[in-house]
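Q:
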Amino acid sequence: MLIIKGEILIERYFDDLPDNYLLATSDTGYTNDEISLAWARHFVKYSRPSNPSEKRLLLFDGFDSHCTKEFLQILEDHDIIPYRLPSHTSHFLQPLDVGCFQPYKHWHAEAVDAATRTGCTNYNKSEFLAAIETIRASTFKPRTIQK
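End of the sequence shown sits at 147 in full-length UniProt numbering; the numbers just go up one at a time, nothing left out.
As structure tokens, this is what we get:
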């Protein structure tokens, strides 16, 4: 899910995105209860196990919108086990922070540099969304995730 700061989504933002991407807007650019519920439904749809009797585990921080009754009910209804990271430990325990998001920052910087070299003087939401799939594919590889 990509959350864009603003009120509306401009259709051209979707041009280069795969169908399984979910975009949302918020005044702050951060999640809220409504966005978290949309994400939970999206997660249910795109993380179905090949064996329907298998459960899934979802690790998350204690952000309020991840702990609402409605959010947790969606998880329960779809055999997803919620695991909230202990308070004040997410910076140590968040599994993706160092292993994945450091490479993500690298590939994002590469995309900005490449756009600048080709004459882009205003790297904005549209340019970011056009590059996000390449950034994601370069970042989230089995060897990166397994580190």
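All residues carry an ideal CB built from backbone N, CA and C; glycine is no exception. This one's a predicted model, so the numbers in the text were calculated from it and none came from an experiment.
#1: Output the residue ranges of the beta strand (DSSP E) runs that lie fully inside the UniProt domain "DDE-1" (25 to 137) and measure 3 residues or longer, sorted by chain position.
#2: Just reading off the beta strand (DSSP E) that GLU3 is part of, what are its end residues?
#3: Is the distance from the Cβ of PHE71 to the Cβ of ALA40 below 8 angstroms?
#4: Specify whether the segment 10 to 17 and the segment 30 to 45 touch according to this definition: at least 3 beta carbon pairs, one from each stretch, less than 8 angstroms apart.
#5: Check this for me: beta carbons of ALA114 and TYR123, under 8 angstroms apart or not?
#6: By Cβ distance below 7 angstroms, which residues in the same chain neighbour CYS120 in space, the five residues on each side in sequence not counted?
#7: Is it buried or exposed for SER36, if we count other Cβ within 10 angstroms and need 16 for buried?
#8: Just to confirm my understanding: we take SER87, look at its own chain, exclude 5 residues before and 5 after, and list those with CB closer than 8 angstroms. What are they?
#9: Which residues in the same chain as ILE132 place their Cβ atom closer than 6 angstroms to its Cβ, once the five residues preceding and following it in sequence are excluded?
#10: Rounded to whole angstroms, what's the CA-CA distance from SER50 to ARG136? Just pull it up for me.
#11: Note down, in chain order, each residue of its chain lying with its Cβ closer than 8 angstroms to the Cβ of LEU2, except the 5 sequence neighbours on either side.
#12: With distances taken between CB atoms, is the gap from CYS100 to PHE140 smaller than 8 angstroms?
A: Based on what the coordinates show:
#1: Whole beta strand (DSSP E) segments, 3+ residues: 56 to 60 and 80 to 84.
#2: According to the sequence provided, residue 3 is Ile. The question's Glu does not apply to it. Run containing ILE3: 2 to 5, per the beta strand (DSSP E) assignment.
#3: The answer is yes: Cβ separation under 8 angstroms.
#4: The segment 10 to 17 vs the segment 30 to 45: no contact.
#5: Contact: no.
#6: Cβ within range, chain order: GLU127.
#7: SER36 is buried by the Cβ-count criterion.
#8: Result list for SER87: GLY62, in chain order.
#9: A distance below 6 angstroms between beta-carbons, with the five flanking residues on each side excluded, links ILE132 to no residue of its chain.
#10: The alpha-carbon atoms of SER50 and ARG136 are separated by roughly 24 angstroms.
#11: Answer for LEU2: TYR21, LEU22, LEU23, ALA24, LEU129 and ILE132, listed in chain order.
#12: Taking C-beta atoms as the reference points, CYS100 and PHE140 count as a pair closer than 8 angstroms.
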